[in-house]
Amino acid sequence: MAGFSDTFENDVCKLIFNAVAISNIADNAASAALTNLWCSLHTADPADSGTQGTNEGGYAQYTRISVARTTAGWVVTNNSVSPVANIDFPQNTSTSTGTFTHASIGVTSASTSGKIIAAGTISPNINFSQNVTPRLTTASSFTLD
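Adding 5 to a residue's 1-based position in the sequence shown gives its number in our numbering.
Printed below as a string of structure tokens:
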């Protein structure tokens with residue numbers, strides 16, 4: 006059996022990232038639907054079984070960043086999702102160093118756990134050291150295929 010159609014894949018991306026209903030399939034009937042999604046950085050692959058807390062962070066000032074779950078927060082085109090603006094994480098003012106190899110988008114600001122909606126490799130990786138501000142750019146994308 007074949008996979009999902011490109012049109013439906015794009016609809017699913019819009020449902021998740023822009024809170025746009027899929028007529029007759031999914032609508033926002035929840036009393037407290039998510040208004041933001043939370044971006045996190047990882048020093049290794051959180052894997053399909055991981056959470057946002059898996060291999061997350063790496064310096065004292067690090068925290069997840071929220072992005073609005075609307076067209077003001079995410080661009081969805083041809084099953085691909087990108088942030089409308091750069092996603093800047095807090096500047097590393099400590100002497101900690103390391104490398105972020107993966108990013109994820111999830112459902113909570115909590116510093117542990119959190120369901121991952123999408124995750125992938127950051128290319129190029131982000132090296133963090135003192136006075137570096139880690140950034141996911143508008144060229145960063147996740148694709149549903």
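In this text, a Cβ means the ideal position worked out from N, Cα and C, and glycines have one as well.
Since the model is a prediction, treat every value here as computed from it, not as a measurement.
Quick one: Cα of residue i to Cα of residue j, how far?
i    : j    : result
V137 : F105 : 12 Å
P139 : T98  : 12 Å
C44  : T82  : 19 Å
S114 : F13  : 29 Å
A90  : V80  : 10 Å
T68  : A108 : 13 Å
D53  : D93  : 25 Å
Using the three-state DSSP reduction, which class does residue i fall into: helix, strand or coil?
i   : result
L39 : coil
L20 : helix
Leaving aside the five residues before and after residue i along the sequence, list all residues of the same chain whose C-beta is less than 7 Å from its C-beta, in chain order.
i    : result
N130 : T104, F105, T106
Which whole-angstrom value is the C-beta distance of residue i and residue j, which I expect to be below 8 Å?
i    : j   : result
L141 : P88 : 6 Å
The ligand FAD heavy atoms versus the CB of residue i: any closer than 7 Å?
i    : result
N136 : Among the components of this structure there are no ligands whatsoever, and the ligand FAD is therefore not found.
Among residues of its own chain, excluding the 5 on either side of residue i, which ones have a beta-carbon nearer than 6 Å to its beta-carbon?
i    : result
T117 : G58
H47  : N60, E61, H107
L42  : V72, R74, I110
Exercise. Using 8 Å as the threshold, is the stretch 66-81 in touch with the stretch 14-23, meaning 3 or more CB pairs across them?
Worked result: Contact holds: three or more Cβ-Cβ distances are below 8 Å.
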